[in-house]
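Undergrad: In our numbering, the protein residues as written are 154 to 252.
Think of the CB as a built atom: it goes at the ideal place given N, C-alpha and C, for glycine as much as any other residue.
The structure presented is a predicted model; accordingly, all values stated were derived computationally and were not measured.
This structure is in structure tokens; I'll ask about it shortly.
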């Protein structure tokens, strides 16, 4: 009789406990999947924007490098001098504005 009672108690514990444990595991797994999904929803567009900006920066290049490749024309040299002066002025303004 005691053996039968023990088996009944074990069966009841398993019948009640296993679904509870599986439900908790499912809830945790669902939460993890939601967090991963949220990360992917937020991270993938941000990574795509960064990738596009890097590609654009590579395509546009550095303006100073392009200025060196311009033909040896007086108009281009005058424009280069004006740009250099403007660049120096901007650097001075930045130095003044820095704390």
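#1: Measuring straight from C-alpha to C-alpha, what distance separates residue 162 and residue 176?
#2: Whole angstroms are fine: how far does the CA of residue 171 sit from the CA of residue 183?
#3: To the nearest angstrom, report how far apart residue 198 and residue 165 are at their CA atoms.
#4: Which full runs of the alpha helix (DSSP H) of 4+ residues lie inside the region 169-245, going along the chain?
#5: In three-state terms, what does DSSP make of residue 154?
#6: Cα separation between residue 242 and residue 230?
TA: In this structure, then:
#1: As a first step, residue 162 must be located in the chain shown, where it is residue number 9. As a first step, residue 176 must be located in the chain shown, where it is residue number 23. Using only the alpha carbons, I get a separation of about 21 Å.
#2: As a working mapping, residue 183 is identified with position 30 in the chain shown. As a working mapping, residue 171 is identified with position 18 in the chain shown. Their backbone Cα atoms lie some 18 Å apart in a straight line.
#3: As a working mapping, residue 198 is identified with position 45 in the chain shown. As a working mapping, residue 165 is identified with position 12 in the chain shown. Using only the alpha carbons, I get a separation of about 50 Å.
#4: 216-221
#5: Taking the first residue of the chain shown as position 1, residue 154 is located at position 1. Coil.
#6: Within the chain shown, numbered from 1, the residue matching residue 242 stands at position 89. Within the chain shown, numbered from 1, the residue matching residue 230 stands at position 77. C-alpha separation (whole angstroms): 18 Å.
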